[in-house]
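Trainee:
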Amino acid sequence: MLNKILVAAGALLLLLSMSVFTVGVTERVIKFQLGEIIGTDFQPGLHFKWPFVNNVIKFDSRILTMDSTPERFLTAEKKNVIVDSFVKWRIGDVKVFYTTVSGDVNQANVRLDQIIKDSFRSEFSKREIKQLVSTDRSIIREALITNVSPHAKKMGIEIVDVQVKRIDLPPEVSNSVYQRMEAERARVAREFRSQGSEEAERIRANADKQQAIILANAYRDSEVLRGEGDAKAAEVYAKNYSEDPDFYAFYRSMIAYRLSLGKSGNIMVLEPNSDFFKFFKNQK
Amino acid sequence: MSWNEPGGDKKDPWSGRNDNKNPPDLDEVMRSLQEKLGGLFGGGSGGGDQTPGNDSVFKGLAFLGAAAAVLWGLTGFYTVDEGTRSVVTRLGAYVGTTQPGLNWHIPYPIEQQLNINVEHQSFIEIGYRSGGGQATGSVPKEAMMLTKDENIVDVRLAVQYQVKDAKDFAFNVLDPASTLKQVTESVLRGVIGHSDMDFVLTEGRSEIVQAIKTEIQTVMDSYQAGILITSVNLQDAQPPEQVQGAFEDAIKAREDKQRLINEAETYSNDVVPKARGKASRIVQEAEGYEQNVIARADGDVSHFSQLLSEYKKAPAVTKQRMYIEAMESVLGHSNNILVDVKGGNNIMYLPLDKIGVKTPEEIQQQVINHEPVPAPAAQTSVPVKTVKTDDRAASREHDLRGR
Numbered sequence: 003m004l005n006k007i008l009v010a011a012g013a014l015l016l017l018l019s020m021s022v023f024t025v026g027v028t029e030r031v032i033k034f035q036l037g038e039i040i041g042t043d044f045q046p047g048l049h050f051k052w053p054f055v056n057n058v059i060k061f062d063s064r065i066l067t068m069d070s071t072p073e074r075f076l077t078a079e080k081k082n083v084i085v086d087s088f089v090k091w092r093i094g095d096v097k098v099f100y101t102t103v104s105g106d107v108n109q110a111n112v113r114l115d116q117i118i119k120d121s122f123r124s125e126f127s128k129r130e131i132k133q134l135v136s137t138d139r140s141i142i143r144e145a146l147i148t149n150v151s152p153h154a155k156k157m158g159i160e161i162v163d164v165q166v167k168r169i170d171l172p173p174e175v176s177n178s179v180y181q182r183m184e185a186e187r188a189r190v191a192r193e194f195r196s197q198g199s200e201e202a203e204r205i206r207a208n209a210d211k212q213q214a215i216i217l218a219n220a221y222r223d224s225e226v227l228r229g230e231g232d233a234k235a236a237e238v239y240a241k242n243y244s245e246d247p248d249f250y251a252f253y254r255s256m257i258a259y260r261l262s263l264g265k266s267g268n269i270m271v272l273e274p275n276s277d278f279f280k281f282f283k284n285q286k
Numbered sequence: 004m005s006w007n008e009p010g011g012d013k014k015d016p017w018s019g020r021n022d023n024k025n026p027p028d029l030d031e032v033m034r035s036l037q038e039k040l041g042g043l044f045g046g047g048s049g050g051g052d053q054t055p056g057n058d059s060v061f062k063g064l065a066f067l068g069a070a071a072a073v074l075w076g077l078t079g080f081y082t083v084d085e086g087t088r089s090v091v092t093r094l095g096a097y098v099g100t101t102q103p104g105l106n107w108h109i110p111y112p113i114e115q116q117l118n119i120n121v122e123h124q125s126f127i128e129i130g131y132r133s134g135g136g137q138a139t140g141s142v143p144k145e146a147m148m149l150t151k152d153e154n155i156v157d158v159r160l161a162v163q164y165q166v167k168d169a170k171d172f173a174f175n176v177l178d179p180a181s182t183l184k185q186v187t188e189s190v191l192r193g194v195i196g197h198s199d200m201d202f203v204l205t206e207g208r209s210e211i212v213q214a215i216k217t218e219i220q221t222v223m224d225s226y227q228a229g230i231l232i233t234s235v236n237l238q239d240a241q242p243p244e245q246v247q248g249a250f251e252d253a254i255k256a257r258e259d260k261q262r263l264i265n266e267a268e269t270y271s272n273d274v275v276p277k278a279r280g281k282a283s284r285i286v287q288e289a290e291g292y293e294q295n296v297i298a299r300a301d302g303d304v305s306h307f308s309q310l311l312s313e314y315k316k317a318p319a320v321t322k323q324r325m326y327i328e329a330m331e332s333v334l335g336h337s338n339n340i341l342v343d344v345k346g347g348n349n350i351m352y353l354p355l356d357k358i359g360v361k362t363p364e365e366i367q368q369q370v371i372n373h374e375p376v377p378a379p380a381a382q383t384s385v386p387v388k389t390v391k392t393d394d395r396a397a398s399r400e401h402d403l404r405g406r
């Protein structure tokens, strides 16, 4: 009796477990009926199916990544760049996804990689490195999404995002970039030093100029003062000496004789019959 | 599997709640559990209309089932730590996010919960690894990137993030952390590629960090990844190792420039004030000269006019006296040689080169010896020599006197 109940309950449970399936939040499910797809649009939760008649396959509904391997592309100026990119995608039409790539994520990635690289090649060959690196990034991104989306749609894939991770120069080019950078720094360094010299010279010259001006002004002022003094003195002399010019001449000559001649060490050769020696020669 | 039995025959109180979309309330669940258990035992003991054999079997079975159900129900308790949220799914469908504390959910296989730490600050590193004890350092492949002006810079970035929305974080993106890393790398290169090297290396840092942060957040939000970027740190932005030397030299050059300028300023600060001082001296000296000349003129004139008034009283005698006194002074201070040219026309030999050396026997005649009696006229002229301030003044003196 007890066994019968247990067996019946067990059988019922088994049947039940075969007739329900759950759909997770992160899952997309295809329901088959004898190999034919009869449903793809399942909300998360519990769903029923006929045992043996129906079966289900589950796929990941989250955003997946196709991280491509870095590859070389030619730019418009025929330079090689190494580009590393990734594509974010999720399953759009699960039925198409199942039929075209057998629902295999790896296979989908390989196909996506091929499509995206083709797109990359055409976008990159139109642009120069500078555009690729700086200005056109978002344009390229948009273009890639637009280019790739229709192809992806045919595989039941919805492209969420395409991002260019790296755009690098190949090593041999990098070296010449380094050399150029070095040269440029040398230029900058030279420029700084020259600017320093320039500025320093200007400051020195300005200082010298100021010095010259200050001294010249001082000279001018001093000469004015001296001139005033001399003029004043000349005026005083002239006014007084003109009272008796003859006596002045005599008086002044006497002073001059004393100052210019009367020094020890001077030798004077004299003629004894000068006025001074009048009494010296013959006393009368 | 007896514990699963109640689920099969719909007697189970929990399965009936499946329709209810709200998360089960703990108290209510406990109460209903007690009721049901009490009912089972109470009904069993009170029911006398069933066969004793069957009754006891069912009773035992029911007891077992109930015990299993209680045990199963107890496995539904779970705790959520502070700073954590728990995402609960029922048969795959999302039913809610629970807060920290003790919670209960319908146990496995019906409901599942996943704890997600929403306050923990995780971080990713681009361009370097600070790794726990492992080899640290640069990862050139990530760190080297092109700038707008086609230079290469070595950038190291750390991004800190936390979970913004546990549900999005759990369900929307496969491996959100590595997605964040890919996005960060892409955004970082995009922003650096948009800037010139000097900007990246010097003043642009904060601006770049801000741009990166905003852009990563935008992209992650577009994926609905449930991630919040809390901070972006530009650990290092440097020129590549290969060109460090040149860059350092350029920095040194900048210092050199400043040094040269400072040196020149020093020179300027030295020269100009000195010149001002010198100018002041020149002007002061000129003023001194002016006063000196005028005063001296007054003095000279006064001397002269006084003498003149005396002279007018006795011109001949005064003149004679002045002449003799002057001659006395002149000849008294010099070596004199008297030569009578008319006396003999024989050629006179004067050893002029030896006269300076005082050898009296060489000198033919030495008439007058020094007489240290200074004449009054000589005295007046002496101060002229001592007053003079410099050569220039002296020369002027002579010029003036000379006319």
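Protein chains in written order, with this note's numbering: chain L, 3 to 286; chain S, 4 to 406.
Glycine residues also receive a C-beta, built at the ideal position from the N, C-alpha and C atoms.
Remember, it's a predicted structure, so these values are computed and weren't measured experimentally.
Name the DSSP beta bridge partners of S87 (chain L), please?
Mentor: Against the first sequence, residue 87 (chain L) aligns to sequence position 85. For S87 (chain L), which the question treats as bridged, DSSP gives the partners L:V166.
Trainee: Where does D252 (chain S) land, buried or exposed, given buried means 16+ other C-beta within 10 angstroms?
Mentor: On the second sequence, residue 252 (chain S) is found 249 positions in, with the first residue counted as 1. Label assigned to D252 (chain S): buried.
Trainee: On the premise that L117 (chain S) lies in contact with V90 (chain S), defined as a C-beta separation below 8 Å, what is that separation, rounded to the nearest angstrom?
Mentor: Here residue 90 (chain S) is taken as the residue at index 87 of the second sequence, counted from 1. Here residue 117 (chain S) is taken as the residue at index 114 of the second sequence, counted from 1. That belief holds up - the Cβ atoms of V90 (chain S) and L117 (chain S) are roughly 5 Å apart, short of 8 Å.
Trainee: Shortest alpha-carbon distance to A95 (chain S) belongs to which of L:S87, L:V22, L:E125?
Mentor: Residue 95 (chain S) sits at position 92 when you count from the first residue of the second sequence. Residue identity differs from the one stated: residue 95 (chain S) is Gly in this sequence, not Ala. Taking only the C-alpha atoms, the option nearest G95 (chain S) is L:V22.
Trainee: From Y100 (chain L) to L17 (chain L), what does the alpha carbon distance come to, in whole angstroms?
Mentor: Working through the first sequence from its first residue, we reach residue 100 (chain L) at position 98. Working through the first sequence from its first residue, we reach residue 17 (chain L) at position 15. Whole-angstrom Cα-Cα distance: 28 Å.
Trainee: Quick one: using the 10 Å Cβ neighbour count with 16 as the cut-off for buried, is H306 (chain S) buried or exposed?
Mentor: The sequence position of residue 306 (chain S) within the second sequence is 303, counting from 1. It is exposed - the Cβ of H306 (chain S) has fewer than 16 other Cβ atoms within 10 Å.
Trainee: Applying the 10 Å Cβ sphere with the 16-neighbour rule, what's the burial state of G68 (chain S)?
Mentor: Numbered from 1 along the second sequence, position 65 holds the residue referred to as residue 68 (chain S). It is buried - the Cβ of G68 (chain S) has at least 16 other Cβ atoms within 10 Å.
Trainee: How close, in whole Å, do the beta carbons of S337 (chain S) and I257 (chain L) come, if the pair is a contact with beta carbons under 8 Å?
Mentor: As a first step, residue 337 (chain S) is located in the second sequence; it is residue number 334 there, counting from the start. As a first step, residue 257 (chain L) is located in the first sequence; it is residue number 255 there, counting from the start. Not really, about 17 Å apart at Cβ, beyond 8 Å.
Trainee: At 7 Å on the CB atoms, spell out the chain S contacts of R129 (chain L), in chain order.
Mentor: Numbered from 1 along the first sequence, position 127 holds the residue referred to as residue 129 (chain L). Going along chain S, no residue has its Cβ under 7 Å from R129 (chain L), so there is no contact; the nearest lies around 13 Å.
Trainee: V58 (chain L) and K33 (chain L) look like a contact to me (Cβ under 8 Å); what is the Cβ gap, rounded to whole Å?
Mentor: What you label residue 58 (chain L) is simply residue 56 of the first sequence in a count that begins at 1. What you label residue 33 (chain L) is simply residue 31 of the first sequence in a count that begins at 1. Confirmed, about 5 Å.
Trainee: Under the rule that 16 or more other beta-carbon atoms within 10 Å means buried, what is L76 (chain L), buried or exposed?
Mentor: Numbered from 1 along the first sequence, position 74 holds the residue referred to as residue 76 (chain L). Exposed, by the Cβ-count rule.
Trainee: Counting along the chain, where does the alpha helix (DSSP H) carrying Y292 (chain S) start and finish?
Mentor: If you number the second sequence from 1, residue 292 (chain S) lands on position 289. Start and end: 247-316.
Trainee: Going by Cα to Cα distance, which pick from S:V60, S:S59, S:L74, S:H108 is closest to F80 (chain S)?
Mentor: Residue numbering aside, residue 80 (chain S) sits at position 77 when the second sequence is read from its first letter. Answer by Cα proximity: S:H108.
Trainee: Note down the Cα distance separating K241 (chain L) from A235 (chain L), rounded to an integer number of angstroms.
Mentor: Working through the first sequence from its first residue, we reach residue 241 (chain L) at position 239. Working through the first sequence from its first residue, we reach residue 235 (chain L) at position 233. Going from the Cα of K241 (chain L) to the Cα of A235 (chain L) covers about 10 Å.
Trainee: Using DSSP with H/G/I as helix, E/B as strand and the rest coil, what is G63 (chain S)?
Mentor: What you label residue 63 (chain S) is simply residue 60 of the second sequence in a count that begins at 1. Three-state DSSP puts G63 (chain S) in a helix.
Trainee: Whose Cβ in chain L lies nearer than 8 Å to the Cβ of R299 (chain S)?
Mentor: As a first step, residue 299 (chain S) is located in the second sequence; it is residue number 296 there, counting from the start. Result: A235.
Trainee: If you run the structure through DSSP and keep just helix, strand and coil, what is D239 (chain S)?
Mentor: In the second sequence, counting from the first residue as 1, residue 239 (chain S) sits at position 236. The answer is strand: DSSP assigns D239 (chain S) an E or B state.
Trainee: Can you tell me whether DSSP reads Q35 (chain L) as helix, strand or coil?
Mentor: Residue numbering aside, residue 35 (chain L) sits at position 33 when the first sequence is read from its first letter. Strand, per DSSP.
Trainee: Where does D62 (chain L) sit, in a helix, a strand or coil, going by DSSP?
Mentor: Counting from one through the first sequence, the residue named residue 62 (chain L) turns up at place 60. D62 (chain L): strand per DSSP, three-state reduction.
Trainee: Residues in its own chain within less than 7 Å of R139 (chain L) by CB, not counting five upstream and five downstream?
Mentor: Counted from its first residue, the first sequence places residue 139 (chain L) at position 137. Excluding sequence neighbours, R139 (chain L) sits near V166.
Trainee: Would H197 (chain S) pass as an interface residue toward chain L - the criterion being a Cβ-Cβ separation below 7 Å?
Mentor: Within the second sequence, numbered from 1, the residue matching residue 197 (chain S) stands at position 194. It does; some Cβ of chain L falls within 7 Å.
Trainee: Looking at the structure shown, is N338 (chain S) part of a helix, part of a strand, or coil, going by DSSP?
Mentor: Reading the second sequence from its first residue, position 335 is the one you call residue 338 (chain S). Strand at N338 (chain S).
Trainee: Taking buried to mean at least 16 other C-beta atoms within 10 Å of its own C-beta, is D120 (chain L) buried or exposed?
Mentor: Locating residue 120 (chain L) in the first sequence gives position 118, counting from the first residue. So D120 (chain L) ends up on the exposed side.
Trainee: Give a yes or no on whether the minimum CB-CB distance between E268 (chain S) and chain L is below 7 Å.
Mentor: Looking up residue 268 (chain S) in the second sequence gives position 265. Taking Cβ atoms only, chain L reaches closer than 7 Å to E268 (chain S), which makes this a yes.
Trainee: DSSP state of F242 (chain L), grouped into three classes?
Mentor: As a first step, residue 242 (chain L) must be located in the first sequence, where it is residue number 240. First, the residue type needs correcting, since residue 242 (chain L) is Asn and not Phe in the sequence shown. Helix, per DSSP.
Trainee: Under the DSSP definition of a beta bridge, which residues are partnered with M325 (chain S)?
Mentor: In the second sequence, residue 325 (chain S) corresponds to position 322, counting from 1. Answer is none; M325 (chain S) lacks a bridge partner.
Trainee: Which residues in chain L sit within 8 Å of L149 (chain S), going by Cβ to Cβ distance?
Mentor: Position 146 of the second sequence, counted from the first residue, corresponds to residue 149 (chain S). The contacting residues are I131, V135, I169, D170, L171.
Trainee: Taking the alpha-carbon positions, what's the F278 (chain L) to Q323 (chain S) distance?
Mentor: Residue mapping note: residue 278 (chain L) aligns to position 276 of the first sequence, counting from 1. Residue mapping note: residue 323 (chain S) aligns to position 320 of the second sequence, counting from 1. Distance between the alpha carbons of F278 (chain L) and Q323 (chain S): 10 Å.
Trainee: Closer than 6 Å to a non-hydrogen atom of the ligand SAM - does that hold for the CB of I119 (chain S)?
Mentor: By its list of ligands, the structure shown contains no ligand whatsoever, and the ligand SAM lies outside what it can speak to.
Trainee: Within the chosen definition, does the stretch 169-179 of chain S reach the stretch 51-70 of chain L through at least 3 CB pairs nearer than 8 Å?
Mentor: Judged by Cβ distances under 8 Å, the stretch 169-179 of chain S makes contact with the stretch 51-70 of chain L, as three or more pairs qualify.
Trainee: State the DSSP-derived secondary structure class of Q163 (chain S), mapped to helix, strand or coil.
Mentor: As a working mapping, residue 163 (chain S) is identified with position 160 in the second sequence. Looking at Q163 (chain S) - three-state DSSP - the assignment turns out to be strand.
Trainee: Residues in the same chain with beta-carbon distance under 7 Å from G105 (chain L), minus the five sequence neighbours each way, listed in chain order, please.
Mentor: The residue labelled residue 105 (chain L) in the question sits at position 103 within the first sequence. I59, F61, F99, listed in sequence order.
Trainee: Please report the straight-line C-alpha distance between Q124 (chain S) and Q241 (chain S), rounded to a whole angstrom.
Mentor: Position 121 of the second sequence, counted from the first residue, corresponds to residue 124 (chain S). Position 238 of the second sequence, counted from the first residue, corresponds to residue 241 (chain S). Computed Cα separation, rounded: 27 Å.
Trainee: Considering E73 (chain L), what are the terminal residues of the beta strand (DSSP E) in which it resides?
Mentor: Working through the first sequence from its first residue, we reach residue 73 (chain L) at position 71. Run containing E73 (chain L): 73-76, per the beta strand (DSSP E) assignment.
Trainee: Tell me which residues of the stretch 50-78 of chain L have at least one Cβ-Cβ distance to chain S shorter than 8 Å, keeping chain order.
Mentor: Here the close residues are D62, R64, I65, L66, T67, D69.
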